[in-house]
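Heads up: the structure comes next, in structure tokens.
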Amino acid sequence: QFYARWWPDAAWEDLYSATLFTVCLFIWDDTIDTNEHFLASDFDKANIWRKQSLEYFEYHLGLLEEEDEPESPDDACLLFKEFGKRFCSKFGQAQRQRMFSRIQDFVQYNMVEQAERLAGRIPNYEQYMQIRFGVTGVRMFSLLLEITNRTALPAEIMDSLEMEAIVRECNFIIIVVNDILSLKKEIATDCVVNIVPVLLKTGQPLDRVISGLIEEMHNSRDRLDSMAARLSDMTRGNSQLHKDVMRFIDGIRIMDTGTLIYS
3 QFYARWWPDA AWEDLYSATL FTVCLFIWDD TIDTNEHFLA SDFDKANIWR
53 KQSLEYFEYH LGLLEEEDEP ESPDDACLLF KEFGKRFCSK FGQAQRQRMF
103 SRIQDFVQYN MVEQAERLAG RIPNYEQYMQ IRFGVTGVRM FSLLLEITNR
153 TALPAEIMDS LEMEAIVREC NFIIIVVNDI LSLKKEIATD CVVNIVPVLL
203 KTGQPLDRVI SGLIEEMHNS RDRLDSMAAR LSDMTRGNSQ LHKDVMRFID
253 GIRIMDTGTL IYS
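Under the working numbering, residue 265 is the last one in the sequence shown; the count climbs by one each step, no gaps.
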């Protein structure tokens with residue numbers, strides 16, 4: 003149901019492709035996020051696993067020259083093999099390189115988050131948000147809209163400051179929704195990585211923390227809409243590009259509403 007919430011208009015084959023990627027990376031991240039897996043408490047072995055994972059992802063995005071396929075570091079990564087085949091059949095070097103670059107960022111912040119958790123540190127708000135912007139992976143998940151929309155947008159749009167800002171605001175909203183609604187589950191699994199205790203540490207009462215986060219979500223929505231309007235103006239001279247860009251941005255909005263509805 004979650005995947006249908008994120009991509010409600012996708013054709014079945016495209017939804018399947020996007021789901022392969024998302025399930026793979028969700029499971030991959032949960033390996034470190036929960037104390038149920040031995041890698042969650044073994045930083046050195048987790049670093050080896052991260053390095054092997056990146057090599058496997060890079061190979062199956064067609065970005066390694068080696069002929070021999072790297073060994074999959076775990077069963078979850080096997081899902082990426084089929085995703086990579088599907089993705090490479092539809093997208094060129096630029097899209098594949100952009101996807102891998104964002105996967106690299108995701109893996110890097112997975113490492114940083116684990117190091118902070120194992121050290122027992124509660125970061126301040128700015129440190130926490132920097133890590134969370136990385137490990138939620140919205141920058142890479144948003145690229146799946148090119149699959150589900152069956153449209154590859156030009157680099158000047160995908161790499162623009164406006165699109166980066168839109169994705170960042172989408173990311174912020176998803177972080178807040180997830181953290182508020184998953185707090186009880188994280189406490190139950192003794193693996194609390196959450197914005198609520200970070201803000202409670204500043205001395206704010208719980209009701210003020212929650213109301214403040216909700217207000218910030220509203221502000222984030224407004225900033226997203228403002229950047230969307232700028233991209234609309236920038237592309238209005240090309241009717242097809244304008245249509246494709248607005249549909250992509252609507253897809254990003256649906257990632258937010260879909261997360262809220264599902265959660």
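In this text, a Cβ means the ideal position worked out from N, Cα and C, and glycines have one as well.
Computed from a predicted structure; not experimentally measured.
Pair within 8 Å by beta-carbon distance, residue i and residue j
| i | j | result |
| --- | --- | --- |
| F59 | I29 | no |
| N112 | D31 | yes |
| L226 | C172 | yes |
| V140 | I176 | yes |
| F93 | A154 | yes |
| I34 | L27 | no |
| F174 | S222 | yes |
Chain-order list of residues whose beta-carbon lies under 8 Å from that of residue i (same chain, five-residue window excluded)
| i | result |
| --- | --- |
| L208 | V198 and L202 |
| D16 | W9, I149, T150 and R152 |
| P156 | L243 |
| V211 | V198, L201 and L202 |
| I133 | Y111, V114, E115, E118 and P125 |
| M219 | F174, I175, V178 and V179 |
| E68 | Y61 |
| D11 | T150 |
| A275 | One cannot answer for residue 275 here, as it falls past the ends of the chain, which runs 3 to 265. |
Beta-carbon contacts of residue i that lie in its chain and below 6 Å, excluding the five residues immediately before and after
| i | result |
| --- | --- |
| L63 | G86, R98 and F102 |
| L233 | E164 and V247 |
| M229 | E164, A167 and I168 |
| T261 | I176 and V179 |
| L147 | F250 and G253 |
| D70 | none |
7 Å Cβ shell around residue i - same chain, five flanking residues per side excluded
| i | result |
| --- | --- |
| L185 | N196 and V198 |
| M236 | none |
| I124 | P199, V200 and K203 |
| M142 | M101, R104, I105 and F108 |
| Y127 | V200 and L201 |
| A96 | A157 |
| A48 | I34, L41 and Q116 |
| L66 | E60 |
| D258 | C172, I175 and I176 |
| K245 | none |
Nearest-angstrom beta carbon gap, residue j and residue i [assumed within contact, 8 Å]
| i | j | result |
| --- | --- | --- |
| V8 | I159 | Here residue 8 turns out to be Trp, not Val, going by the sequence shown. Contact flag wrong, Cβ pair sits at about 21 Å. |
| V179 | S265 | 6 Å |
| G136 | Q116 | Going by Cβ atoms, the distance from G136 to Q116 rounds to 12 Å, so no, they are not a contact pair. |
| R88 | S19 | 5 Å |
| L120 | F45 | 6 Å |
Every unbroken alpha helix (DSSP H) within the stretch 90-137, with a cutoff of 4 residues, ordered by chain:
95-120 and 127-137
Meets three-Cβ-pair contact criterion under 8 Å: the stretch 38-56 and the stretch 70-90:
yes
The stretch 11-23 touching the stretch 81-96, judged by at least three CB pairs closer than 8 Å:
yes
Unbroken stretches of the alpha helix (DSSP H), 4 residues or longer, contained in the stretch 142-201
147-150, 157-160 and 163-190
To test your reading of the DSSP string, which unbroken alpha helix (DSSP H) runs of 4 or more residues are found completely within the stretch 37-70?
45-62
Quick check on the DSSP output: what are the complete beta strand (DSSP E) runs of length 3 or more inside the stretch 226-259, in order along the chain?
none
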